[in-house]
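Quick note: the first sequence, position 229, residue 233 per the working numbering, numbers continuous.
In this text, a Cβ means the ideal position worked out from N, Cα and C, and glycines have one as well.
Just so we're clear, the structure is a prediction, and the values are computed from it rather than from any experiment.
All remarks here apply to the structure that follows.
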Amino acid sequence: MEHYQPETVEGKWQRVWADERAFSTPNPAPSEQPLERHFYMLEMLPYPSGELHMGHVLNYTLGDVVTHFRRRNGWIVLRPMGYDSFGLPAENAAIREGGHPRQITERNIANIRRQMRRLGWAIDWDRELAAHEPEYYRWTQWLFLRLFEAGHAYRREAPVNWCPNDQTVLAREQVVDGRCNRCGAEVEARQLEQWFFRITAYADELLEDLGSIDWPERTKAIQRNWIGRSEGAEVLFRLPDLDLDVPVFTTRADTLFGATFFVLAPEHPLVPRLVAGTETEAEVLLYVRRNAAKAAAERIDPDKEKTGVFTGRYATNPATGEPVPIWVADYVLMEYGTGAIMAVPAHDERDFAFARRFGLPVRQVVAAPGAEADEGSRYVPHADEEVLVDSGRFSGLPAADGRRAIVEWLRGEGSGAPAVSFRLRDWSFSRQRYWGCPIPIVYCETCGMVPVPDADLPVILPEIENYRPKGEPPLASNEAWLNVPCPSCAGPGRREAETMDTFVDSSWYFLRYCDPHDEEKPFARELVDYWLPVSQYIGGIDHATGHLLYSRFFVKALNELGLLGFREPFARLFHQGWVQFDGSKMSKSRGNVIGPDDLVRQYGADAVRLYILFMGPADEDMEWNEGGIEGMVRFLRRLWRVVNEVADASEAGAIAADDALARKAHETIAKVTDDIGRRFQFNTPIAAIQELVNELGRTTNGPSARFAAEAAVTLVQPYAPHVAEELWERLGRERLWEQPWPVADPALLERESFE
RNA sequence: GCCGGGGUGGCGAAACUGGUCAUACGCGCCUGACUUAAAAUCAGGUGUCCCCGCGUGGGGCGUGAGGGUUCGAGUCCCUCCCCCGGCACCA
5 MEHYQPETVE GKWQRVWADE RAFSTPNPAP SEQPLERHFY MLEMLPYPSG ELHMGHVLNY
65 TLGDVVTHFR RRNGWIVLRP MGYDSFGLPA ENAAIREGGH PRQITERNIA NIRRQMRRLG
125 WAIDWDRELA AHEPEYYRWT QWLFLRLFEA GHAYRREAPV NWCPNDQTVL AREQVVDGRC
185 NRCGAEVEAR QLEQWFFRIT AYADELLEDL GSIDWPERTK AIQRNWIGRS EGAEVLFRLP
245 DLDLDVPVFT TRADTLFGAT FFVLAPEHPL VPRLVAGTET EAEVLLYVRR NAAKAAAERI
305 DPDKEKTGVF TGRYATNPAT GEPVPIWVAD YVLMEYGTGA IMAVPAHDER DFAFARRFGL
365 PVRQVVAAPG AEADEGSRYV PHADEEVLVD SGRFSGLPAA DGRRAIVEWL RGEGSGAPAV
425 SFRLRDWSFS RQRYWGCPIP IVYCETCGMV PVPDADLPVI LPEIENYRPK GEPPLASNEA
485 WLNVPCPSCA GPGRREAETM DTFVDSSWYF LRYCDPHDEE KPFARELVDY WLPVSQYIGG
545 IDHATGHLLY SRFFVKALNE LGLLGFREPF ARLFHQGWVQ FDGSKMSKSR GNVIGPDDLV
605 RQYGADAVRL YILFMGPADE DMEWNEGGIE GMVRFLRRLW RVVNEVADAS EAGAIAADDA
665 LARKAHETIA KVTDDIGRRF QFNTPIAAIQ ELVNELGRTT NGPSARFAAE AAVTLVQPYA
725 PHVAEELWER LGRERLWEQP WPVADPALLE RESFE
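Here it is, written out as structure tokens:
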């Protein structure tokens with residue numbers, strides 16, 4: 005018997021699969037009845053910023069097991085692959101390594117593709133795509149134009165996050181703890197004109213539809229937090245001096261009688277008007293100037309003592325009719341609510357801290373039942389049961405009823421209405437960088453912002469030498485490319501020089517896979533309607549508020565435009581855990597990346613695939629520990645030896661009804677099927693197969709040994725497809741990757757009863 | 001503070017809707033076989049404490065802590081501790 009030689013076995017079967025295009029899945033012909041059992045298996049596509057690491061190996065091996073399992077259970081499985089090849093990660097890799105981004109990106113793609121093939125993943129290579137190729141980004145531009153026409157993409161000046169190191173604007177989703185999530189530099193606040201997607205238009209639906217998708221609870225919780233819906237009321241405060249009503253948003257309308265002052269955010273547009281020509285003007289405007297320049301991180305520090313300045317003006321509390329002083333303070337944020345608040349120091353900690361600092365009155369208007377309203381200036385936290393006090397005719401009402409009654413009364417008075425506020429902001433997607441999809445817009449002196457006509461797409465990203473970030477878009481200094489006639493009036497025009505964030509590219513790639521070679525349109529509606537929503541998506545939870553939210557927005561917006569017939573992209577989602585090394589997540593910047601190449605060379609792809617799934621539950625973080633991989637190699641050698649012995653020693657034949665080995669084989673079939681299919685658990689099937697092989701090792705002859713050997717080989721195939729295929733052949737069978745998944749005999753699964 | 005997830009041998013982890021002996025499977029370690037020797041391989045052992053006649057022996061204690069429900073709890077309930085992740089001057 006030859007020894008187990010993974011390199012030989014793996015090379016042999018990888019050639020067979022490539023020659024046969026064994027895992028290509030053609031689209032159904034238009035005339036065909038929709039096939040009932042089709043399955044879209046998708047894993048988040050990699051950034052080609054270097055080479056694969058063990059986190060990728062886990063992600064794609066998981067997808068591979070599911071792909072084989074579904075295929076062999078009779079499903080038509082679409083399992084494509086591509087590269088998120090535009091954007092900061094790829095461009096920074098180019099800057100780091102020297103050379104042009106295109107050259108570095110394409111080299112990295114070639115390398116990743118080689119690694120993927122070497123691991124034997126069952127990928128439909130006919131659908132491969134890369135975001136930086138004009139055949140792809142042409143349609144990114146096309147989709148942008150549709151969103152632009154629909155008013156979902158717009159340009160406006162707004163406070164944005166600026167990364168001084170990467171020299172570009174970042175989306176809020178790309179800022180973590182006040183730092184750039186790519187390079188870690190502290191983010192600065194800047195007021196800039198930027199492109200936005202109107203994701204807030206879908207805030208309610210993005211929240212609501214979380215109920216209809218099978219996602220991990222923690223991911224839904226993260227998105228709910230991020231969207232941050234609060235129900236409350238908008239209340240108008242009258243400014244008699246300016247003859248104006250200023251709205252505030254509040255969730256505690258029941259405390260309206262306790263609103264003893266009024267605060268505007270420093271950026272509030274009313275501030276200059278309010279103080280114009282008054283003696284406080286200079287002081288207030290100085291405060292505004294100082295605080296607008298403040299870094300976001302500094303401004304939101306909750307431990308910082310509150311600052312503010314009195315405007316000298318008063319607003320009227322609509323409930324009491326009393327004038328309340330108007331202050332300007334940076335603890336009120338322009339981005340949330342209306343940028344103005346009614347301050348209720350007795351029942352809001354922040355208002356209380358501010359009132360105490362500046363000696364403003366505190367009036368308690370809510371109390372526990374039976375408790376006396378306190379005369380002193382005290383902060384009274386919210387309690388489960390409380391009633392209104394000192395609130396005119398609303399006094400005595402339970403707080404929730406009081407809230408409703410007060411809003412109802414305000415509505416009748418024309419000075420308030422129920423309102424909903426969101427934390428979610430529109431998605432800033434323009435970047436002052438080179439390596440991204442050009443935004444197909446031309447600025448014309450007479451026509452303004454003019455979309456590039458569809459027929460002129462793609463707007464090709466020009467090859468330029470000096471692509472490095474410089475604070476303004478690198479393309480802006482490329483006059484030859486920049487100057488074009490206006491598509492509308494043919495007068496002089498200039499192209500938009502900013503590029504799109506790479507998250508735009510990845511917000512629709514799962515649609516392009518369905519129709520990757522279409523030259524007429526981004527995708528055929530009948531094909532995306534056939535394959536989507538994605539049956540099973542697998543990727544990291546780090547994309548919970550980014551990619552996973554943006555893609556949901558894209559699908560909803562494209563659905564409204566009639567381009568597709570569904571409202572959610574990913575029906576079921578699974579997050580693989582982090583593969584850590586030296587206690588932290590593997591990443592290039594930390595220098596703790598373990599790649600698969602050396603491991604595959606030393607142990608073979610099958611052992612690496614088995615080990616990464618055997619290490620622990622796939623959705624929990626794991627510490628990379630190379631020691632254990634030896635156990636998988638031993639297992640594969642034992643499997644090899646035992647199955648070869650069986651192939652030589654035993655024939656198929658009748659098996660006794662009480663045969664313990666046959667029973668064990670059936671139990672293993674049932675367990676592996678249930679674990680992968682229902683429980684989505686991938687480590688325990690390996691243990692179960694090992695138990696079977698251990699038992700099989702004790703008797704390798706007789707019909708039940710042959711049955712058990714076949715069971716072990718067929719069950720291990722999704723994990724170790726190469727060695728399984730080879731052993732299957734030695735057992736005198738063929739084409740295991742196409743064989744039906746085994747079925748356990750329920751009669752043999754009954755357990756003994758006990759008292 | 002609010003929300004989500006977790007805590008089981010020396011280590012990675014099993015135990016699925018409360019039920020057969022908690023720790024399967026693997027790593028590591030120990031012993032033995034093979035070998036001049038080592039590696040590899042194979043066989044056996046490995047929670048902890050105690051008892052004896054030393055065996056295919058018997059018993060106590062053991063799943064972050066403490067209570068509870070139950071014939072029976074790693075699993076359910078209550079209180080608490082610790083760890084990880086998300087949100088947070090969001091009105």
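Start-to-end residues for the beta strand (DSSP E) that takes in residue i
i	result
residue 234	234 to 243
residue 165	157 to 167
residue 89	First-last for residue 89: undefined, no H or E at that position.
residue 619	That residue, residue 619, is in no beta strand (DSSP E); it is neither H nor E in DSSP.
residue 251	248 to 254
residue 268	265 to 268
residue 42	42 to 47
residue 318	312 to 320
Nearest to residue i (by Cα), restricted to the options the options
i	options	result
residue 160	108, 6 and 430	430
residue 734	677, 718 and 409	718
residue 675	637, 738, 752 and 125	752
residue 356	389, 266 and 396	266
residue 72	708, 14 and 128	128
residue 603	96, 119, 432 and 700	119
residue 447	499, 432, 402 and 492	499
residue 368	358, 62 and 385	385
residue 107	620, 750 and 471	471
residue 80	539, 41 and 64	41
residue 584	611, 625, 619 and 605	625
residue 1	16, 58 and 424	Here the chain comprises residues numbered 5 to 759, so residue 1 is not present and cannot be evaluated.
residue 566	151, 48, 228 and 721	151
residue 214	398, 557 and 371	557
residue 722	77, 535 and 230	77
residue 762	677, 94 and 25	Nothing in the structure corresponds to residue 762, since the chain is present only between 5 and 759.
Cβ-Cβ separation, residue j to residue i (assumed contact under 8 Å), whole Å
i	j	result
residue 477	residue 501	4 Å
residue 90	residue 136	5 Å
residue 426	residue 233	6 Å
residue 617	residue 693	That belief does not hold up - the Cβ atoms of residue 617 and residue 693 are roughly 12 Å apart, past 8 Å.
residue 496	residue 487	7 Å
residue 96	residue 54	Between residue 54 and residue 96 the Cβ distance is about 10 Å, and since that is not below 8 Å, they are no contact.
residue 336	residue 263	Actually they do not touch by this definition, with Cβ atoms about 14 Å apart.
residue 622	residue 686	5 Å
residue 650	residue 710	6 Å
residue 684	residue 578	6 Å
residue 217	residue 574	7 Å
Where the alpha helix (DSSP H) containing residue i begins and where it ends
i	result
residue 708	707 to 720
residue 636	633 to 653
residue 11	10 to 24
residue 68	58 to 76
residue 221	221 to 231
residue 413	403 to 417
residue 680	No alpha helix (DSSP H) holds residue 680; DSSP gives it neither H nor E.
residue 276	274 to 279
Requested in this report: Only counting runs of 3 or more residues, tell me where the beta strand (DSSP E) segments fall wholly within the stretch 518 to 606, in order along the chain.
Outcome: 540 to 542 and 583 to 585
**Report entry** Contiguous alpha helix (DSSP H) assignments of at least 4 residues, all confined to the stretch 98 to 158
**Finding:** You should have 105 to 122 and 138 to 153.
Query raised in the report: Is there contact between the stretch 257 to 276 and the stretch 407 to 420, where contact requires at least three CB pairs shorter than 8 Å?
Result: yes
Query raised in the report: Is the stretch 436 to 445 touching the stretch 499 to 518 in the sense that three or more CB pairs, one from each, lie closer than 8 Å?
Result: yes
Query raised in the report: At a cut of 8 Å, does the stretch 653 to 660 reach the stretch 694 to 709 through at least three beta carbon pairs?
Result: yes
Query - 3 or more residues per run - each beta strand (DSSP E) lying fully within the stretch 424 to 505 - result: 445 to 448, 452 to 455, 487 to 489 and 496 to 499
Query raised in the report: Does the pairing of the stretch 189 to 209 with the stretch 218 to 226 give three or more beta-carbon distances under 8 Å?
Result: Contact check between the stretch 189 to 209 and the stretch 218 to 226: fewer than three CB pairs, one atom from each, fall below 8 Å, which does not count as touching.
Query raised in the report: Unbroken alpha helix (DSSP H) runs of length 4 or more, entirely within the stretch 179 to 214: which are they?
Result: 207 to 212
Requested in this report: Decide if the stretch 551 to 558 is in contact with the stretch 507 to 523; the criterion is three or more beta carbon pairs, one per stretch, under 8 Å apart.
Outcome: Between the stretch 551 to 558 and the stretch 507 to 523, the count of Cβ pairs shorter than 8 Å is three or higher; the stretches touch.
Report task. Answer yes if the stretch 360 to 367 comes into contact with the stretch 272 to 286, meaning at least three C-beta pairs across the two stretches below 8 Å, and no otherwise. Result -> Contact fails: fewer than three Cβ-Cβ distances are below 8 Å.
Report task. May I have a chain-ordered list of the alpha helix (DSSP H) segments no shorter than 4 residues that lie completely inside the stretch 722 to 751? Result -> As for any alpha helix (DSSP H) of minimum length 4 sitting wholly inside the stretch 722 to 751, the runs are 725 to 734, ordered along the chain.
Requested in this report: Count the CB pairs spanning the stretch 316 to 328 and the stretch 232 to 248 that are closer than 8 Å, and state whether there are at least three.
Outcome: yes
Report task. Evaluate the contact criterion for the stretch 732 to 750 versus the stretch 660 to 678: three or more CB pairs, one atom per stretch, below 8 Å. Result -> yes
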